[in-house]
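One structure is given here, and the rest of the page talks about it.
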Amino acid sequence: MTAISLFPLSGVLLPHGKMPLQIFEQRYLDLVRSSLKSGEPFGNVWIRRGSEVAQRGRAAADLGDWGTLARIVDWDQLPNGLLGITIEGQGRFDLYDTEVRADGLVLGEVEYRADPEPAAMLPQWQSMLDVLHSLETHPHVQRMALAPDYDDAWQVAWTLVQLLPLEEYIKYELLGLDNIEQLMAELDLILNQISGEG
4 MTAISLFPLS GVLLPHGKMP LQIFEQRYLD LVRSSLKSGE PFGNVWIRRG
54 SEVAQRGRAA ADLGDWGTLA RIVDWDQLPN GLLGITIEGQ GRFDLYDTEV
104 RADGLVLGEV EYRADPEPAA MLPQWQSMLD VLHSLETHPH VQRMALAPDY
154 DDAWQVAWTL VQLLPLEEYI KYELLGLDNI EQLMAELDLI LNQISGEG
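When the letters of the sequence shown are read in order and numbered with this note's numbering, they come out as residues 4 to 201.
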């Protein structure tokens with residue numbers, strides 16, 4: 004087990020995915036400062052129920068059982084004066100216990116999952132690669148400067164999950180899968196549902 008700082012969020016970060024955040028709470032300003040100084044990642048965990056913002060008298064947020072290590076890849080001051088950062092997902096972890104420090108920062112007892120071996124893209128998954136290439140033509144996605152390995156089915160799948168307009172609980176469940184065939188089958192169902200709605 005390893006203790007890491009956690010940044011609970013209402014959004015799910017996938018390995019190789021990127022997410023912009025604006026930071027205004029002191030506990031997270033401290034976390035960002037520490038991460039930038041040390042180069043160490045922190046944990047992104049999805050909030051099942053509750054709020055990202057600390058509120059006096061409110062119960063702590065209900066966090067997911069797994070999450071993604073996040074590394075800060077860009078930062079800037081936003082027009083509103085707040086600190087803006089971009090985080091990139093790295094490896095996954097399972098969360099076993101949490102502790103809230105006096106300053107409000109959440110620490111987690113985690114076990115890192117082994118990174119999956121690269122999985123070759125099979126011919127029957129070509130449609131997912133086509134969807135990913137289509138999404139990559141959008142200016143917002145181009146600004147994210149994602150660089151997945153198109154020959155690795157894991158990276159293709161995770162990047163798709165990050166970009167598709169899915170409910171966060173679905174992204175969370177897909178993040179937890181350890182079998183590439185199962186992940187691709189779920190994605191195929193989702194894409195069929197999306198295209199059927201169009």
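C-beta atoms are modelled at their ideal positions from N, C-alpha and C, and glycine is treated no differently.
Item: Measuring straight from C-alpha to C-alpha, what distance separates S198 and M124?; Value: 22 Å
Item: Should S137 be labelled buried (16 or more other beta-carbon atoms within 10 Å of its own) or exposed?; Value: exposed
Item: Decide yes or no for the touch test of the segment 151-160 against the segment 114-130: beta carbon pairs closer than 8 Å, at least 3 of them.; Value: yes
Item: Check whether the segment 158-167 and the segment 14-22 touch, using three or more Cβ-Cβ pairs below 8 Å as the test.; Value: yes
Item: Please go through the same chain and pick out, in chain order, the residues whose beta-carbon is closer than 7 Å to the beta-carbon of V109, but skip the five residues on each side of it.; Value: L9, P11, T101 and V103
Item: Restricting to runs no shorter than 3 residues, where is the beta strand (DSSP E) found entirely within the segment 73-133?; Value: 86-103 and 109-115
Item: How is the beta strand (DSSP E) around L39 delimited, first residue to last?; Value: Premise fails: L39 lies in the alpha helix (DSSP H), Q29 to S41, not in any beta strand (DSSP E).
Item: Skipping 5 residues on each side, what residues in its chain have a beta carbon closer than 6 Å to that of L32?; Value: I26
Item: Give me the Cα-Cα distance between G92 and G107, rounded to the nearest whole angstrom.; Value: 23 Å
Item: Just mark Y99 as buried or exposed, buried being the case when its beta carbon has 16 or more other beta carbons within 10 Å.; Value: exposed
Item: For D68, which option in E43, R52, T140 and V134 has the closest C-alpha, if you only look at C-alpha atoms?; Value: R52
Item: Pick from E43, L81, G42 and Q196: whose alpha carbon is nearest that of L24?; Value: L81
Item: Can you list, in chain order, the residues of its chain with a C-beta nearer than 6 Å to that of P121? Leave out the 5 residues immediately preceding and following it.; Value: D155
Item: Considering only DSSP beta bridges, list what D155 is partnered with.; Value: A123
Item: Using the beta-carbon count (16 or more within 10 Å), is K40 buried or exposed?; Value: exposed
Item: According to DSSP, which residues form a beta bridge with G14?; Value: The partner list for G14 (beta bridge, DSSP) is empty, contrary to what the question assumes.
Item: Under the three-state reduction of DSSP, which class applies to A160: helix, strand or coil?; Value: helix
Item: On the DSSP bridge assignment, give the partners of L24 in chain order.; Value: I88
Item: Could you spell out where the beta strand (DSSP E) holding G46 opens and where it closes?; Value: F45 to R52
Item: In or out: G46 buried (at least 16 other Cβ within 10 Å) or exposed?; Value: buried
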